[in-house]
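Colleague: Letter 405 of the sequence shown, counting from 1, is numbered 415 in this note's numbering, and no numbers are missing.
Beta carbons are placed, not taken as given, at the ideal position from N, Cα and C, and that holds for glycine.
Handing you this structure, nothing more for now.
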Amino acid sequence: DSSDIVEVKNYAQANHKEPDPELFGIAEGKNVVMISLESLQTFVINNTVNGEEVTPFLNDLIEDSYYFENFYHQTAQGKTSDSEFIVENSMFGRDSGSVFFTHGGNEYNALPEILSDKGMYSSVMHANNKSFWNRDIMYQSLGYDQFFDINSYEVTEENSVGWGLKDVDFFEQSIDLLQSQPQPFYTKFITLTNHFPFELDEEDKMVDEYDSNSGTLNRFFPTVRYMDHAVERFFEEMKEADLYDDTIFILYGDHYGISENHNKAMSMYLDKDEITPFDTVQLQRVPMIVHIPGHDKHKTIDTVGGQIDVKPTLMHLLGHSTRNDIQFGTDLFSPENESMAVLRNGSVITDDIVYTNNTCYNKDGEEIEAEACEPYVEKGIQDLEHSDRIIYGDLFRFFDSQEDDETEPDEEDAA
Ligand code: GP9
Ligand code: MN
């Protein structure tokens with residue numbers, strides 16, 4: 011009932027972390043381009059296949075960006091839709107099924123709605139049917155102003171492969187749509203080509219397939235390489251369209267592309283004897299890149315975090331306090347960040363431990379005594395439970411986000 015919201019709110023707000031004052035508001039007034047990179051995992055970053063770089067553009071971009079190398083996807087069966095839900099709400103998805111389907115009509119306090127209320131135009135670009143993952147319904151609940159679905163794109167036999175419109179054509183056609191929007195905008199792009207079963211036309215193969223007993227892993231590398239190329243083209247097009255300088259870019263991998271069914275091939279690629287449960291957790295890392303044109307303090311950051319941290323991170327970059335929000339992530343730039351990620355199955359990662367499968371490991375992958383993991387495991391359970399209570403009780407019906415919204419970050423401390 012409505013008293014639940016008070017408890018959940020108190021829990022979430024007790025975990026609030028103050029932003030880094032140097033970065034707070036650095037992107038104020040700018041456009042935000044978010045790119046959801048289909049099935050991209052961290053293990054291919056700065057790595058090679060058959061002697062060739064898999065992600066040459068992203069590797070360069072990382073040199074000139076904030077790059078979070080210990081950033082985890084937190085999705086479950088809802089795949090892309092889970093990643094969207096987690097990123098937009100700073101809440102966990104469901105432990106099974108997809109919250110996009112089961113609770114698409116709930117009230118939320120999501121990024122698109124918040125940013126829209128603050129004068130930004132919010133939209134999604136994705137060349138698939140609007141009802142896939144129940145997006146047309148859920149995007150209304152999340153407060154998007156516009157969803158450019160497959161009907162906004164010219165999709166032909168020639169420019170399609172696998173699941174649909176090729177990423178290069180998708181980005182190219184999106185530029186006009188982007189320019190039709192009022193600024194500043196908050197726009198999310200969802201790529202498609204690097205999706206299982208990783209099909210690609212010969213002419214688009216820029217690296218050769220890997221050679222192992224897993225056709226899936228073998229094909230993954232050329233489609234990742236193609237997606238990397240598509241993003242490179244998009245950055246060029248943003249510059250040509252004169253949008254680049256007024257925009258900040260957030261790129262993240264949505265979830266794993268290579269499941270545990272391919273462990274044998276994966277161990278061969280990673281040159282390991284076997285893939286242990288510890289390794290499996292490490293393989294849930296996805297790239298997270300924050301690129302701010304003209305910014306000269308970019309660096310690689312080893313803070314442990316996950317998709318749930320994107321919302322507070324972005325809110326603070328745009329200069330909005332999140333002290334009064336209900337969220338389960340933390341600003342990745344906050345000096346007080348606890349460096350921790352909780353996965354949907356209860357696995358937990360910090361700077362020092364990995365907990366998974368009822369086993370506590372140190373960061374060298376050696377089993378250690380359970381006590382070392384206990385407080386983090388408990389925190390993980392609490393986070394998941396409180397987040398779930400919001401979904402199942404539709405608790406945002408009882409939450410007024412505008413209430414004392416104008417409070418500046420430091421006012422309350424001073425009072
Ligand atoms: C479909 C795309 C892929 O529109 O987002 O979804 P996935 O299968 O990765 O969840
Ligand atoms: Mn996906």
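According to DSSP, is Val-165 helix, strand or coil?
Modeller: In the structure shown, Val-165 sits in coil (DSSP, three-state: anything other than H, G, I, E or B).
Colleague: Cβ of Glu-168 versus every heavy atom of the ligand GP9: is any distance shorter than 7 Å?
Modeller: Flag unset: Cβ of Glu-168 not near the ligand GP9.
Colleague: Can you grab the Cα-Cα spacing for the pair Asn-347 / Glu-395, in whole Å?
Modeller: If you take the alpha carbons of Asn-347 and Glu-395, they lie about 21 Å apart.
Colleague: When every heavy atom of the ligand MN is checked, does at least one fall within less than 7 Å of the C-beta of Thr-90?
Modeller: Thr-90: yes, Cβ under 7 Å from the ligand MN.
Colleague: Let me confirm a value: Asp-127 is counted as buried when at least 16 other C-beta atoms fall within 10 Å, else exposed. Which label applies?
Modeller: With fewer than 16 other Cβ atoms within 10 Å, it is exposed.
Colleague: Measuring alpha carbon to alpha carbon, tell me which residue in Leu-353, Met-350, Ala-22, Glu-48 is nearest Lys-176.
Modeller: Nearest C-alpha to Lys-176: Glu-48.
Colleague: Does any heavy atom of the ligand FAD sit closer than 7 Å to the C-beta of Leu-202?
Modeller: This structure lacks the ligand FAD; the ligands present are the ligand GP9 and the ligand MN.
Colleague: Looking only at its chain, what residues have a beta carbon closer than 7 Å to the beta carbon of Asp-14, apart from the 5 residues adjacent to it on each side?
Modeller: If we look at Asp-14 and ignore the five residues flanking it on each side, its Cβ neighbours are Arg-399, Gly-403, Leu-405.
Colleague: Alpha carbon to alpha carbon, how far is Leu-210 from Ile-359?
Modeller: Near 35 Å, if we compare the C-alpha coordinates of Ile-359 and Leu-210.
Colleague: Are the beta-carbon atoms of Asn-116 and Ile-318 separated by less than 8 Å?
Modeller: No, the pair does not count as a contact, with Cβ atoms beyond the cut-off.
Colleague: Please indicate yes or no: does the CB of Ser-49 lie closer than 7 Å to some heavy atom of the ligand MN?
Modeller: Within the cutoff, so yes.
Colleague: Specify, as a first and last residue, the run of the beta strand (DSSP E) that Tyr-149 falls within.
Modeller: That residue, Tyr-149, is in no beta strand (DSSP E); its alpha helix (DSSP H) goes 145–152.
Colleague: So does Asp-264 have its beta carbon nearer than 7 Å to some heavy atom of the ligand MN?
Modeller: Flag set: Cβ of Asp-264 near the ligand MN.
Colleague: So for Glu-421, helix, strand or coil by DSSP?
Modeller: Here Glu-421 scores only 45 on pLDDT, less than 50, and its place in the model should not be relied on; the value that follows carries that caveat. Note: Glu-421 maps to helix in three-state DSSP.
Colleague: May I ask you to report which of helix, strand or coil DSSP gives Ser-126?
Modeller: Helix at Ser-126.
Colleague: Using a threshold of 7 Å, is the CB atom of His-136 nearer than that to any non-hydrogen atom of the ligand MN?
Modeller: Outside the cutoff, so no.
Colleague: Taking the alpha helix (DSSP H) that Ile-401 falls in, what are its first and last residues?
Modeller: Its alpha helix (DSSP H) spans residues 384–403.
Colleague: Measure the alpha-carbon distance for Tyr-131 versus Thr-286 and round it to whole angstroms.
Modeller: Their Cα atoms are separated by approximately 45 Å.
Colleague: Going by DSSP, which residues form a beta bridge with Thr-360?
Modeller: For Thr-360, which the question treats as bridged, DSSP gives the partners Met-350.
Colleague: What does a CB cutoff of less than 8 Å around Glu-377 pick up in its chain, not counting 5 residues either side in sequence?
Modeller: Excluding sequence neighbours, Glu-377 sits near Thr-369, Cys-370, Tyr-371.
Colleague: Which runs of the alpha helix (DSSP H) spanning at least 4 residues fall entirely within the segment 267–319, listed in chain order?
Modeller: Counting whole runs of 4 or more residues, the segment 267–319 contains the alpha helix (DSSP H) stretches 273–279, 287–292.
Colleague: For Phe-180, tell me which candidate among Tyr-236, Ser-141, Glu-213 has the shortest Cα-Cα distance.
Modeller: Among Tyr-236, Ser-141, Glu-213, the Cα nearest to that of Phe-180 belongs to Tyr-236.
Colleague: Under a Cβ-count criterion, where at least 16 other Cβ atoms within 10 Å of its own Cβ denotes burial, should Arg-407 be classed as buried or exposed?
Modeller: The residue in question, Arg-407, is exposed, as its Cβ has fewer than 16 Cβ neighbours within 10 Å.
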